[in-house]
Amino acid sequence: MGGAHMGWFLLCSSSLLLFAVMASTGSLTNLPIIAFEDGYTPLFGDHNLAIHRDGKSVHLSLDERTGSGFVSHDLYLHGYFSASIKLPSDYTAGVVVAFYMSNGDMFQSNHDEIDFEFLGNIRGKDWRIQTNVYGNGSTNIGREERCGLWFDPAEDFHQYSILWTDSKIIFSVDDVPIREVKRTESMGGDFPSKPMTLYATIWDASDWATNGGKYRVNYKYAPYVAEFSDFVLHGCAVDPIEHVTKCDSSAQDSEAVPADITPVQRTKMRNFRLKHMTYSYCYDTGRYKVPPPECVINPQEAERLRKFDPVTFGNGRRHRGKRHHRIRGSQEEAASSF
């Protein structure tokens with residue numbers, strides 16, 4: 000790592016330690032919702048990205064011409080990031096909507112990622128939600144988990160949130176934690192630790208997204224429209240030119256950011272995973288004869304997943320597309336009630 004990049008960590012260290020201690024996935028209704036233009040800018044798609052008159056909601060469309068996406072103004076080193084999302088309805092096979100963090104443009108050989116990906120499906124089958132974490136270019140180890148939901152994400156808006164600290168990453172849906180990734184010594188440098196940018200995209204992933212490419216995007220149903228609103232960017236912003244943090248007291252508001260996952264939330268997370276998780280890399284013996292060292296094998300999870308066939312992601316290697324193309328494997332399951 001170059002000296003300029005190291006400066007980010009030295010300059011942010013004291014404020015980040017405090018932020019990491021106080022951050023959590025509790026109900027964060029006190030955090031400010033920002034207008035789109037205050038936090039984001041269009042990335043690609045031209046007129047397929049539409050900002051609504053109130054300036055606080057955005058539609059991303061996919062048609063035969065192009066997908067679309069947007070990107071945050073700032074880089075962030077830790078924080079809480081959230082958006083309310085309503086997904087396209089009807090036949091959505093081959094469509095992928097993503098809300099994620101990445102620094103692939105800056106660190107091409109050792110980038111980090113924290114991903115929410117929504118995988119479309121054929122008519123009558125539910126959307127699937129996939130989470131993934133890469134650190135320091137660890138793309139040879141995909142840390143994917145995939146699950147169903149207890150609601151139809153195309154019927155209404157739901158909040159999808161990422162909490163990222165120096166010791167853990169927590170993915171939440173409507174204030175229900177669905178996955179916690181704890182930093183362990185065994186992960187080495189594979190835990191995301193460099194400043195990242197927020198992205199949101201919709202694109203055609205026909206080659207892999209639904210049953211390994213068996214079902215493709217059908218543009219008879221286009222345009223496919225994903226709606227985003229209620230943007231929260233609450234973290235430690237980093238100036239990419241001056242290499243200094245823009246953290247302020249709001250990022251350390253202990254009243255706005257509770258101290259930990261509550262016991263009730265942890266119970267909800269456990270119940271969610273037992274009912275709705277359909278794939279975890281930790282149990283994929285087709286990819287990993289020995290589970291990666293950070294995996295903690297849960298017998299209940301193992302039994303729950305036993306009936307699902309492991310999905311192969313390019314023989315353990317990540318398929319790479321353009322930077323706004325989120326590429327993963329797929330597997331179908333209709334979510335039961337939660």
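Just so you know, we're using numbering that gives the first Met the number 0 here: the sequence shown kicks off at 0 and counts up by one.
Glycine is no exception: its CB is placed at the ideal position from the N, C-alpha and C atoms.
For clarity, every value in this text was computed on a predicted model and none was experimentally measured.
C-alpha gap between PHE106 and ILE240, whole angstroms: Taking the sequence shown and counting its residues from 1, the one referred to as residue 106 is at position 107. Taking the sequence shown and counting its residues from 1, the one referred to as residue 240 is at position 241. The straight-line gap separating the alpha-carbon atoms of PHE106 and ILE240 is approximately 15 Å.
Rounded distance between the beta-carbons of THR277 and ARG182, thought under 8 Å: The residue given as residue 182 occupies position 183 in the sequence shown. The residue given as residue 277 occupies position 278 in the sequence shown. Wrong, their Cβ atoms sit about 25 Å apart, outside the cutoff.
Residue(s) in a DSSP beta bridge with LYS167: Numbered from its first residue, the sequence shown carries residue 167 at position 168. Answer is LYS181, bridged to LYS167.
Classification of ARG52 by the beta-carbon crowding that lies within 10 angstroms, buried from 16 upward: The residue given as residue 52 occupies position 53 in the sequence shown. Counting Cβ neighbours within 10 Å, ARG52 comes out exposed, since fewer than 16 surround it.
Presumed contact (8 Å Cβ cut-off) between THR91 and ASN120, rounded CB distance: Taking the sequence shown and counting its residues from 1, one reaches residue 91 at position 92. Taking the sequence shown and counting its residues from 1, one reaches residue 120 at position 121. Going by Cβ atoms, the distance from THR91 to ASN120 rounds to 6 Å, so yes, they are a contact pair.
Which residues DSSP lists as bridging PRO194, in chain order: Reading the sequence shown from its first residue, position 195 is the one you call residue 194. Bridge partners of PRO194 according to DSSP: none are assigned.
GLU143 versus GLY285 - alpha carbon distance: Counting from one through the sequence shown, the residue named residue 143 turns up at place 144. Counting from one through the sequence shown, the residue named residue 285 turns up at place 286. Going by the C-alpha atoms only, they are around 14 Å apart.
Close beta carbons around GLY212, own chain, < 7 Å, minus the five adjacent residues each side: Working through the sequence shown from its first residue, we reach residue 212 at position 213. Cβ within range, chain order: SER205 and ASP206.
Where THR40 falls: helix, strand or coil (DSSP): Residue numbering aside, residue 40 sits at position 41 when the sequence shown is read from its first letter. THR40 falls in the strand class under three-state DSSP.
CB contact flag (GLY44, SER71, <7 Å): Your numbering for residue 44 matches position 45 in the sequence shown. Your numbering for residue 71 matches position 72 in the sequence shown. Cβ distance not < 7 Å, so GLY44 and SER71 don't count as in contact.
Candidates MET100, ASP104, ARG127 and LYS85: closest to GLY93 by CA position: Position 94 of the sequence shown, counted from the first residue, corresponds to residue 93. Checking every option, the nearest Cα to that of GLY93 belongs to ARG127.
Close-in-space but distant-in-sequence residues of the same chain around PRO176 (CB under 6 Å, 5 per side omitted): The sequence position of residue 176 within the sequence shown is 177, counting from 1. The residues are THR24, ILE169, ILE260, GLN264 and MET268.
Closest Cα partner of PRO87 within the set HIS110, HIS77, ASP62 and GLY78: Indexing the sequence shown from 1 puts residue 87 at position 88. Looking at the Cα atoms, ASP62 is the closest of the given residues.
Proximity winner among SER228, TYR220, VAL237 and ILE140, relative to ASP189 (alpha-carbon distances): In the sequence shown, residue 189 corresponds to position 190, counting from 1. Ranking SER228, TYR220, VAL237 and ILE140 by Cα distance to ASP189 puts ILE140 first.
Beta-carbon proximity of ALA82 to PHE230, cut-off 7 Å: Against the sequence shown, residue 82 aligns to sequence position 83. Against the sequence shown, residue 230 aligns to sequence position 231. Yes, the pair counts as a contact, with Cβ atoms nearer than the cut-off.
Bounding residues of the alpha helix (DSSP H) (the contiguous stretch that carries MET268): Position 269 of the sequence shown holds residue 268. Run containing MET268: 262 to 275, per the alpha helix (DSSP H) assignment.
Beta-carbon proximity check, MET186 vs GLU293, cutoff 7 Å: Residue numbering aside, residue 186 sits at position 187 when the sequence shown is read from its first letter. Residue numbering aside, residue 293 sits at position 294 when the sequence shown is read from its first letter. With a cutoff of 7 Å on beta-carbon distance, MET186 and GLU293 are scored as near each other.
Extent of the continuous alpha helix (DSSP H) run through GLN299: For the purposes of this step, residue 299 is identified with residue 300 of the sequence shown, where counting begins at 1. First-last of the alpha helix (DSSP H) with GLN299: 298 to 304.
Beta-carbon proximity list for TYR39, same chain, < 6 Å, skipping 5 on both sides: In the sequence shown, residue 39 corresponds to position 40, counting from 1. Within the same chain, Cβ atoms closer than 6 Å to the Cβ of TYR39 are found at PHE69 and SER71, the five residues on either side in sequence being excluded.
Whole runs of the alpha helix (DSSP H) within the region 35 to 123, excluding any shorter than 4 residues: List check, alpha helix (DSSP H) in window: 35 to 38.
Separation of LEU148 from TYR280, as counted between CA atoms: The residue labelled residue 280 in the question sits at position 281 within the sequence shown. The residue labelled residue 148 in the question sits at position 149 within the sequence shown. Straight-line Cα distance between these residues: approximately 19 Å.
TYR278 - partner residues in DSSP beta bridges: Position 279 of the sequence shown holds residue 278. TYR278 is bridged to ARG145.
Neighbourhood of VAL57 by C-beta distance below 6 Å, restricted to the same chain and skipping five residues each side: The sequence position of residue 57 within the sequence shown is 58, counting from 1. Closer than 6 Å at the Cβ level, and outside the excluded window around VAL57, lie PHE35, ILE50 and PHE227.
Three-state secondary structure assigned by DSSP to ASN210: Residue 210 sits at position 211 when you count from the first residue of the sequence shown. In the three-state scheme derived from DSSP, where H, G and I count as helix and E and B as strand, ASN210 is classed as helix.
Buried or exposed by the 16-neighbour rule on C-beta atoms within 10 Å, applied to GLN129: On the sequence shown, residue 129 is found 130 positions in, with the first residue counted as 1. By the neighbour-count criterion, in which 16 or more other beta carbons inside 10 Å mark a residue as buried, GLN129 falls on the buried side.
Among ASN217, ARG305, ASN102 and HIS157, nearest to TYR198 - alpha-carbon criterion: One-based indexing of the sequence shown puts residue 198 at position 199. Shortest Cα-Cα distance from TYR198 to any of ASN217, ARG305, ASN102 and HIS157 involves ASN102.
Candidates GLY123, GLU154 and ASP238, of which the one nearest LYS85 by Cα: Residue numbering aside, residue 85 sits at position 86 when the sequence shown is read from its first letter. Relative to LYS85, the option among GLY123, GLU154 and ASP238 whose CA is nearest is GLU154.
Endpoints, beta strand (DSSP E) assigned at ARG127: By one-based count along the sequence shown, residue 127 stands at place 128. Looking at the DSSP string, the run of the beta strand (DSSP E) that includes ARG127 is 127 to 133.
C-beta contact flag for ILE113 and VAL132 at 7 Å: Translated into the one-based positions of the sequence shown, residue 113 becomes position 114. Translated into the one-based positions of the sequence shown, residue 132 becomes position 133. One thing to note: ILE113 has its Cβ within 7 Å of the Cβ of VAL132.
Closest by C-alpha distance to TYR99, when choosing among SER108, PHE115, VAL295 and HIS110: In the sequence shown, the residue the question calls residue 99 occupies position 100. For the options SER108, PHE115, VAL295 and HIS110, the alpha carbon positioned closest to that of TYR99 is the one of PHE115.
N-terminal and C-terminal residue of the beta strand (DSSP E) that SER228 is part of: Your numbering for residue 228 matches position 229 in the sequence shown. For SER228, the uninterrupted beta strand (DSSP E) segment begins and ends at 223 to 237.
Cβ neighbour criterion (16 or more within 10 Å) applied to VAL172: Within the sequence shown, residue 172 is the residue found at index 173, counting from 1. Counting the other Cβ atoms within 10 Å of the Cβ of VAL172 gives 16 or more, which makes it buried.
Spatially closest choice to ARG178 from ASN109, ARG303, ILE161 and THR209, by CA coordinates: Against the sequence shown, residue 178 aligns to sequence position 179. Across the set ASN109, ARG303, ILE161 and THR209, the C-alpha of ILE161 shows the shortest separation from the C-alpha of ARG178.
Reference PRO191, options ASP111, HIS157 and PRO291, closest by Cα: Working through the sequence shown from its first residue, we reach residue 191 at position 192. Cα-wise, what sits closest to PRO191 is ASP111.
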